[in-house]
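Participant: Residue numbers (the working numbering): 1250 to 1496. Here a beta-carbon is modelled for each residue, glycine too, at the ideal position from N, C-alpha and C. Predicted model, so just to flag it, every value in this text is computed and none were measured. Have a look at this one before I ask anything.
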């Protein structure tokens, strides 16, 4: 079990980390602007190739201040042990409105649909790849919590061949392109007591992709929507799993 004291302490540790290492940028495409933060590898070298991690925030972090998207779940990458051991580029875009919209399908299961801004992200990623040619294009990872976890699934469905692995925490599923996800590295994490984004959605996605040997569903029986990230805030489980994966 994970108690509230653990949550507060873990969050406090991460919130005390200095975020100045995340450079501020804005990606502009015609009439759209997406603010984002960029963290570069600790010992960045043109002779080495590094993974690219794209992280998506939850709906309480919507805005355009280019600050609020730096939630505790993102700050895992700033922990000194992780920053040294798992060197990579990290992009943290901020959405000015919802990045995923939810609706019920004909089976009564809540599913997610991407906003227009999510389609622009493909171009943002391509832009970053050009700017930093030492990014390993076979190791591009998506990670997100809540609305951000849903956006991970949306973007994977839009461009399944682009990404090596994804982690979705407490997400609403996207069933729109399941055939293309049959061999993808996908980690779903959900609490059974989630009364905001129903746990059944992750179970349904897991069942629909049951032939995929690279799919994992981790269930926390006693965790809900608000405390599901706690077990991962001060461990290296997520970076370790991602870094083992490639296209």
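Taking the alpha helix (DSSP H) that residue 1326 falls in, what are its first and last residues?
Facilitator: Segment: none, residue 1326 is in no alpha helix (DSSP H) and carries neither H nor E.
Participant: Check whether the Cβ atoms of residue 1324 and residue 1266 sit closer than 7 Å, and answer yes or no.
Facilitator: Their beta carbons are under 7 Å apart, which means residue 1324 touches residue 1266 by this criterion.
Participant: To the nearest angstrom, report how far apart residue 1440 and residue 1260 are at their CA atoms.
Facilitator: Cα-Cα distance, rounded: 18 Å.
Participant: Using a threshold of 7 Å, state whether the C-beta atoms of residue 1318 and residue 1341 are closer than that.
Facilitator: Against a cut-off of 7 Å, the Cβ pair of residue 1341 and residue 1318 comes out as a contact.
Participant: Look up residue 1391 in the DSSP assignment and give the residues it is bridged to.
Facilitator: BP columns for residue 1391 point to 1303 and 1415.
Participant: Between the region 1395 to 1402 and the region 1412 to 1431, do at least 3 Cβ pairs fall closer than 8 Å?
Facilitator: Touching, yes.
Participant: Going by beta carbon distance, what residues of the same chain come within less than 6 Å of residue 1302, once the five residues before and after it are set aside?
Facilitator: Closer than 6 Å at Cβ, skipping near neighbours: 1337, 1339 and 1390.
Participant: Just mark residue 1286 as buried or exposed, buried being the case when its beta carbon has 16 or more other beta carbons within 10 Å.
Facilitator: So residue 1286 ends up on the buried side.
Participant: Out of 1343, 1295, 1269 and 1356, which has the shortest C-alpha to C-alpha gap to residue 1327?
Facilitator: Nearest of 1343, 1295, 1269 and 1356 to residue 1327, Cα basis: 1269.
Participant: Just confirm the distance between the C-beta atoms of residue 1433 and residue 1461, as a whole number of angstroms; I'd bet it's less than 8 Å.
Facilitator: Indeed they touch by this definition, with Cβ atoms about 7 Å apart.
Participant: Output the residue ranges of the alpha helix (DSSP H) runs that lie fully inside the region 1348 to 1396 and measure 4 residues or longer, sorted by chain position.
Facilitator: Entirely contained in the region 1348 to 1396, the alpha helix (DSSP H) runs reaching 4 residues are, in chain order, 1365 to 1380.
Participant: For residue 1276, name the three-state secondary structure that DSSP assigns.
Facilitator: Residue 1276 falls in the strand class under three-state DSSP.
Participant: State the Cα-Cα distance for the pair residue 1413 and residue 1299, rounded to the nearest angstrom.
Facilitator: The alpha-carbon atoms of residue 1413 and residue 1299 are separated by roughly 13 Å.
Participant: Quick one: is residue 1569 buried, meaning 16 or more other Cβ sit within 10 Å of its Cβ, or exposed?
Facilitator: Since the first residue of the chain shown is 1250 and the last is 1496, residue 1569 is not available in this structure.
Participant: With three or more C-beta pairs closer than 8 Å as the rule, is the region 1478 to 1488 touching the region 1443 to 1456?
Facilitator: No, because fewer than three Cβ pairs between the region 1443 to 1456 and the region 1478 to 1488 fall closer than 8 Å, the two stretches do not touch.
Participant: For residue 1348 versus residue 1369, is the C-beta distance shorter than 7 Å?
Facilitator: No, these two residues do not count as a Cβ contact at 7 Å.
Participant: For residue 1286, name the three-state secondary structure that DSSP assigns.
Facilitator: Strand at residue 1286.
Participant: Per DSSP, residue 1466 is paired with what?
Facilitator: Paired residue(s): 1437.
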